[in-house]
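Input: a single structure, listed below in structure tokens.
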Ligand code: ADE
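Right under this line is the structure:
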């Protein structure tokens, strides 16, 4: 897949593109990333990329002509493919694993990093763009959000994750939080690894993990449990957990 990132701060990406999963995906030729400096498409000799908002108010608005120019420089990079275009903004639809999975199927993603008060609304129309938020908080710019989208879609490309990790399944693929994990030593400053995990009994370990995953999800993200079809075993575990929590 190709991911084109339109940004006023291309330097932001220098480190992250060369590290971890994104580096592996790029080096394997599975993900191609273009960094498009929006400033290169400024239409005046001062390199202006933003201007005051019509109607007044604080903050600056990214100009439509520069954004459209930057977009048109990459929109035909994949012959015969219309890119799927996302603008990062706290006003957007919140990214979920399900949406990431859908975006990961695209041949060409264009990510426009919003800055300041946002981009001129008309740019969204020219780009047929959707708006994406990575959560209900405000960042100083959309670059970190674009990196989040890039990471989430890159690791879902076939061949990027090793077998062990991809077979394991992500906690959100199943919409439950993961159970706690431990590694050596068995005891650290008086804190022991739960005995079940040392038992070698695979069925007991499976049940322990399932129960602890439910316990965490109930405590931290009860919204993930409501409206979800539960197995008889899950319902029994949840009843037990609720009783345990009530008596502790
Ligand atoms: N830009 C500023 N805050 C953001 C957020 N939460 N998600 C996406 N883009 C943003």
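In my numbering, the protein residues as written are 78 to 325.
In this text, a Cβ means the ideal position worked out from N, Cα and C, and glycines have one as well.
Is residue i near the ligand ADE, judged by its Cβ being under 7 Å from some heavy atom?
{"i": "residue 93", "result": "no"}
{"i": "residue 152", "result": "no"}
{"i": "residue 163", "result": "no"}
{"i": "residue 193", "result": "no"}
{"i": "residue 201", "result": "no"}
Given residue i, which residues of its chain have a CB within under 6 Å of its CB, disregarding the five upstream and five downstream residues?
{"i": "residue 185", "result": "79, 155, 158 and 160"}
For residue i versus residue j, is the C-beta spacing smaller than 8 Å?
{"i": "residue 209", "j": "residue 165", "result": "yes"}
{"i": "residue 112", "j": "residue 188", "result": "no"}
{"i": "residue 302", "j": "residue 318", "result": "no"}
{"i": "residue 274", "j": "residue 259", "result": "yes"}
Which same chain residues, not among the five before or five after residue i, have their C-beta less than 7 Å away from its C-beta?
{"i": "residue 178", "result": "233"}
{"i": "residue 194", "result": "130, 136, 137 and 138"}
Please state whether DSSP places residue i in a helix, a strand or coil.
{"i": "residue 139", "result": "strand"}
{"i": "residue 234", "result": "coil"}
{"i": "residue 301", "result": "helix"}
{"i": "residue 85", "result": "coil"}
{"i": "residue 207", "result": "strand"}
{"i": "residue 111", "result": "strand"}
{"i": "residue 269", "result": "strand"}
{"i": "residue 170", "result": "strand"}
{"i": "residue 264", "result": "strand"}
I'd like to confirm the pairing. Which residues does DSSP put opposite residue i in its beta bridges?
{"i": "residue 279", "result": "Answer by DSSP bridge pairing: none, since residue 279 is not bridged."}
{"i": "residue 225", "result": "Paired residue(s): none; residue 225 is not in a bridge."}
{"i": "residue 186", "result": "80 and 161"}
Leaving out the 5 sequence neighbours to the left and right, which residues in its chain are closer than 8 Å to residue i when beta-carbon positions are compared?
{"i": "residue 311", "result": "287 and 291"}
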